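The structure appears below as structure tokens.
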Amino acid sequence: MKPKTRWIPFILLGIIVVVCALAPVLPMADPIVMDMLKRFAPPSLAEPLGNDEYGRSVFSRIIWGTQISLIVAISSAAIACVIGTSLGILAAYLRGIVDVVIMRLMDVLLCLPALLLAMLFVTLYGGGAAALVPIMALVFVPSFTRVAYSGVLTVRSQEYVEAAQAIGASQVRIMFRTILPNISAPMLVQLSLSAASAVTLESGLSFLGLGIVPPEASLGMMIGMARSTMAHAPLLLVWPCLALTILVLVLNAVCDALRDLLDPRPAGGADASE
Amino acid sequence: MFWFIRRLMLSIVLLWLVFTVVFLSIYMVPGDPVQLLLSSDAGSADTAAVEALRTKLGLDRPIYVQYFDRLLGLFRLDLGVSLVSNAPIIADIATRLPRTLELIAAAAVLSLLVGLPAGVAAALRRGRTFDRIALSVTGFAQSVPVFVIGTLLVLVLAQMLRLVPAGGFIEFSEDPGRHMILLMMPALAISVGLAATVFRITRSSVLEVIPLDYVRTARAKGISRNRVTTRHILRNALMPVVTVFALSLGSLLSGTLLVEFVFNWPGLSSMLIRAVHARDYTTVTGVLLVTSALFILINLVVDIIYAVLDPRVRR
Numbered sequence: 001m002k003p004k005t006r007w008i009p010f011i012l013l014g015i016i017v018v019v020c021a022l023a024p025v026l027p028m029a030d031p032i033v034m035d036m037l038k039r040f041a042p043p044s045l046a047e048p049l050g051n052d053e054y055g056r057s058v059f060s061r062i063i064w065g066t067q068i069s070l071i072v073a074i075s076s077a078a079i080a081c082v083i084g085t086s087l088g089i090l091a092a093y094l095r096g097i098v099d100v101v102i103m104r105l106m107d108v109l110l111c112l113p114a115l116l117l118a119m120l121f122v123t124l125y126g127g128g129a130a131a132l133v134p135i136m137a138l139v140f141v142p143s144f145t146r147v148a149y150s151g152v153l154t155v156r157s158q159e160y161v162e163a164a165q166a167i168g169a170s171q172v173r174i175m176f177r178t179i180l181p182n183i184s185a186p187m188l189v190q191l192s193l194s195a196a197s198a199v200t201l202e203s204g205l206s207f208l209g210l211g212i213v214p215p216e217a218s219l220g221m222m223i224g225m226a227r228s229t230m231a232h233a234p235l236l237l238v239w240p241c242l243a244l245t246i247l248v249l250v251l252n253a254v255c256d257a258l259r260d261l262l263d264p265r266p267a268g269g270a271d272a273s274e
Numbered sequence: 001m002f003w004f005i006r007r008l009m010l011s012i013v014l015l016w017l018v019f020t021v022v023f024l025s026i027y028m029v030p031g032d033p034v035q036l037l038l039s040s041d042a043g044s045a046d047t048a049a050v051e052a053l054r055t056k057l058g059l060d061r062p063i064y065v066q067y068f069d070r071l072l073g074l075f076r077l078d079l080g081v082s083l084v085s086n087a088p089i090i091a092d093i094a095t096r097l098p099r100t101l102e103l104i105a106a107a108a109v110l111s112l113l114v115g116l117p118a119g120v121a122a123a124l125r126r127g128r129t130f131d132r133i134a135l136s137v138t139g140f141a142q143s144v145p146v147f148v149i150g151t152l153l154v155l156v157l158a159q160m161l162r163l164v165p166a167g168g169f170i171e172f173s174e175d176p177g178r179h180m181i182l183l184m185m186p187a188l189a190i191s192v193g194l195a196a197t198v199f200r201i202t203r204s205s206v207l208e209v210i211p212l213d214y215v216r217t218a219r220a221k222g223i224s225r226n227r228v229t230t231r232h233i234l235r236n237a238l239m240p241v242v243t244v245f246a247l248s249l250g251s252l253l254s255g256t257l258l259v260e261f262v263f264n265w266p267g268l269s270s271m272l273i274r275a276v277h278a279r280d281y282t283t284v285t286g287v288l289l290v291t292s293a294l295f296i297l298i299n300l301v302v303d304i305i306y307a308v309l310d311p312r313v314r315r
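Those sequence lines, one after another, are chains A and H.
Heads up, the first sequence is in our numbering, so the first residue is 1 and it goes up one at a time.
Heads up, the second sequence is in our numbering, so the first residue is 1 and it goes up one at a time.
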């Protein structure tokens with residue numbers, strides 16, 4: 001990617017984040033209040049995307065839905081990053097029994113497909129945004145642990161680690177002050193990848209009716225609910241599909257751009273030259 | 001031989017660990033799991049119902065008794081009974097799992113049929129128009145969530161153009177033609193993203209093989225272009241494709257669950273979703289155990305195929 005165009009994904013994501021953050025103060029209709037007189041109202045100047053089957057503003061619900069998706073995705077990815085990275089560093093630096101226990105546990109979690117693992121805990125906890133964050137964080141922990149683990153294995157034999165050991169730095173200090181900064185680039189890439197797949201996972205769960213609970217809006221839930229009325233209101237289905245696709249596309253583009261920025265080497269063989 | 005036994009033992013240990021983690025999941029929840037399972041928007045459940053469910057789940061017995069009880073049940077292929085219908089879970093899985101596997105197989109075949117040739121073609125024409133277009137199309141295809149593709153397929157093909165039914169299922173023995181049509185729609189939805197993945201790996205894998213010496217030698221010997229492509233390049237480029245394909249089966253399963261729901265395909269998905277809605281804990285864990293066992297089995301098979309193809313792996 002050319003240096004000038006590589007910032008585009010970040011700018012687009014920035015715009016989405018700012019619009020979602022400003023949702024409470026934007027001059028939009030309330031996303032939850034129903035108005036039966038406006039059921040299936042076509043797009044108008046006041047309501048650019050029309051109203052849904054309960055007369056709620058589709059435009060406003062999309063903005064609020066994107067906001068919830070982003071909050072849930074980013075916070076669960078961030079929690080998973082903190083826990084997973086710490087576990088990975090501990091396993092790779094301390095080795096021995098700690099290594100075996102942590103890494104085998106991650107192997108086990110990786111055997112369970114993400115959606116199914118999330119569904120198991122939704123069965124136990126119930127859905128809703130507050131329950132979804134820890135559930136999804138758990139799903140994403142193993143990938144962070146794996147990345148941190150292999151990062152530490154390459155870093156731990158470096159001379160600056162030996163130097164830190166030689167001056168008698170404590171193990172905690174070496175792990176989190178010496179090693180951690182040196183594996184931060186792959187961890188940041190993994191954070192962006194996890195946030196992108198968290199958006200997909202959350203929308204999938206909400207689509208099945210197992211994620212965000214009504215009346216709150218979520219893009220996946222909007223798609224799921226609009227399915228029943230698609231015969232006479234196909235646009236109600238198209239808008240959230242479009243919004244979700246754009247959101248995931250932008251997030252994936254951010255991941256790619258981040259990888260290019262942090263790792264200037266032509267990695268992965270052939271694709272890097274394009 | 002020693003290698004195979006070691007690898008087999010590893011899979012069995014992994015399966016046992018998965019069972020243990022899934023078994024313990026009910027204890028990982030803060031608070032009383034039975035209260036949680038029975039809680040609803042209406043408020044907390046009455047004491048009698050809580051005690052009844054506790055006995056039914058066996059949670060009133062010591063934890064090690066429950067553990068060995070369920071572990072022994074596993075050897076008899078007994079996953080317990082559903083909390084809702086009291087029917088044995090394994091029977092329900094046995095009728096539904098083949099349908100899910102059929103869908104996955106159809107999607108896998110479709111995506112390999114498209115992704116492999118397209119990947120080779122793009123790699124041979126690197127940087128040209130076809131390559132560039134295919135790269136951006138697949139980049140887009142990988143980003144669209146699978147249930148969005150499925151839902152839009154229903155909207156366009158079934159609802160607007162009225163070409164195909166919106167979904168459903170009919171036994172192959174009853175009406176083979178209709179069965180295939182109903183199968184193709186969800187398979188198509190799954191294979192869009194999968195074909196894109198296959199395309200990308202094939203392309204980069206072929207690009208790594210093309211500059212190798214034996215390819216140049218084969219060309220210098222005057223072997224025809226097609227023969228070099230299929231016999232020398234593709235055969236050697238296939239290994240990474242097999243690996244990534246096998247590894248993506250886990251996410252494929254997640255996608256299949258969503259697509260089954262979209263097309264009313266009566267596989268594991270509808271059973272699982274109904275169970276999660278009804279807080280039917282035993283059914284959910286049963287499905288989870290069977291799918292992860294499948295996942296472990298597939299990984300084992302892939303590793304064995306590897307070892308047969310390439311003896312260097314056996315170390």
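The beta carbon of each residue, even a glycine, is placed where N, CA and C say it ideally should be.
Since the model is a prediction, treat every value here as computed from it, not as a measurement.
Take A134 (chain H) and list the residues in its own chain whose beta-carbon comes closer than 7 angstroms to its own, dropping the five residues that flank it on each side.
A118, A122, F199
Starting from I26 (chain H), find everything on chain A with Cβ-Cβ shorter than 8 angstroms and list it in chain order.
Taking the beta carbon of I26 (chain H) as reference, the chain A residues within 8 angstroms of it are L124, listed in sequence order.
Rounded C-alpha distance that separates G224 (chain A) from I181 (chain H)
23 angstroms
Using alpha carbons as the reference points, say which of A:L70, A:L87, A:L262 lies closest to M136 (chain A).
A:L70
Sort A:M221, A:V172, A:Q171, A:R259 by Cα distance to L191 (chain A) and report the nearest one.
A:R259
Looking only at its chain, what residues have a beta carbon closer than 6 angstroms to the beta carbon of G269 (chain A), apart from the 5 residues adjacent to it on each side?
Unreliable positioning characterises G269 (chain A) in this predicted model, as indicated by a pLDDT of 40, which lies under 50. A coordinate reading is not provided.
Distance, Cα to Cα, V100 (chain A) vs G267 (chain H)?
37 angstroms
For Y281 (chain H), which residues in chain A fall below 9 angstroms Cβ to Cβ?
L120, T123, L124
Report yes or no: do three or more beta-carbon pairs, one from the stretch 141–148 of chain A and one from the stretch 80–87 of chain A, lie closer than 8 angstroms?
yes
Exposed or buried, F19 (chain H), counting other C-beta atoms within 10 Å across all chains shown (16 or more means buried)?
buried
Report the neighbours of Q159 (chain H) on chain A: residues whose CB is nearer than 8 angstroms to its CB, in chain order.
M230, A231, P234
In the DSSP assignment, find the unbroken alpha helix (DSSP H) run with T229 (chain A) in it and report its ends.
That residue, T229 (chain A), is in no alpha helix (DSSP H); it is neither H nor E in DSSP.
Contact set for L77 (chain H): own chain, Cβ-Cβ below 6 angstroms, skip 5 residues either direction:
I90
So with CB distances below 8 angstroms, who are the chain A contacts of V284 (chain H)?
M119, L120, T123
Buried or exposed for N252 (chain A), going by 16 or more other Cβ atoms inside 10 Å?
Its Cβ being crowded by 16 or more others within 10 Å, N252 (chain A) is buried.
Please state the DSSP three-state secondary structure of S170 (chain A).
coil
Considering only their Cβ atoms, is the gap separating A94 (chain H) from I187 (chain H) smaller than 8 angstroms?
Note on identity: in this sequence residue 187 (chain H) is Ala, with Ile being the wrong assignment. Contact flag unset, no.
Say whether chain A places a C-beta atom closer than 8 angstroms to the C-beta of L257 (chain H).
yes
Three-way DSSP call (helix, strand, coil) for N51 (chain A) in this model:
DSSP places N51 (chain A) within a strand segment (E or B) once states are collapsed to three.
Chain A residues whose Cβ lies nearer than 7 angstroms to that of T291 (chain H)
P113, L116
Proximity below 8 angstroms, CB of V250 (chain A) to CB of I16 (chain A):
Yes, the pair counts as a contact, with Cβ atoms nearer than the cut-off.
Where P134 (chain A) falls: helix, strand or coil (DSSP)
helix
Secondary structure at D271 (chain A), three-state DSSP: helix, strand or coil?
Low per-residue confidence applies at D271 (chain A): pLDDT is 41, beneath 50, and the placement is therefore not dependable, though the value from the model is reported in the following sentence. DSSP places D271 (chain A) in helix when its eight states are reduced to three.
Chain-order list of residues whose beta-carbon lies under 7 angstroms from that of S86 (chain A) (same chain, five-residue window excluded)
none
My guess is that L188 (chain A) and L262 (chain A) are in contact by the Cβ rule of under 8 angstroms, so how many angstroms apart are they, rounded?
6 angstroms
Neighbourhood of I183 (chain A) by C-beta, 7 angstroms cutoff - its chain only, sequence neighbours within 5 removed:
A148, G151, V152, V155
Cβ separation of L258 (chain H) and F207 (chain A), assumed to be a contact under 8 angstroms, to the nearest whole Å:
7 angstroms
Sorted by chain position, which residues of the same chain lie with C-beta nearer than 7 angstroms to V192 (chain H)'s C-beta, five sequence neighbours on each side aside?
A141, I149
Specify whether the stretch 79–89 of chain H and the stretch 163–176 of chain H touch according to this definition: at least 3 beta carbon pairs, one from each stretch, less than 8 angstroms apart.
no
Rounded to the nearest angstrom, what separates Y160 (chain A) and M222 (chain A) at their Cα positions?
Computed Cα separation, rounded: 52 angstroms.
With 16 other Cβ atoms within 10 Å as the buried cut-off, status of F295 (chain H):
Per the 10 Å Cβ criterion, buried.
Keeping to the same chain, check which residues put their C-beta closer than 6 angstroms to that of A351 (chain H); ignore five residues upstream and five downstream.
Only positions 1 to 315 of chain H appear in this structure, which leaves residue 351 (chain H) out of reach.
Considering T55 (chain H), what are the terminal residues of the alpha helix (DSSP H) in which it resides?
47–57
Residues of its chain near V164 (chain H), where Cβ-Cβ distance is below 7 angstroms and the 5 sequence neighbours each way are ignored
L157, A158, I181, M185
For the stretch 233–255 of chain A, which residues have a beta carbon sitting closer than 8 angstroms to at least one beta carbon of chain D?
Within the model displayed, chain D is absent; protein chains A and H are what it includes.
Residues in its own chain within less than 7 angstroms of L115 (chain A) by CB, not counting five upstream and five downstream?
So the qualifying residues of the chain are L201, G204.
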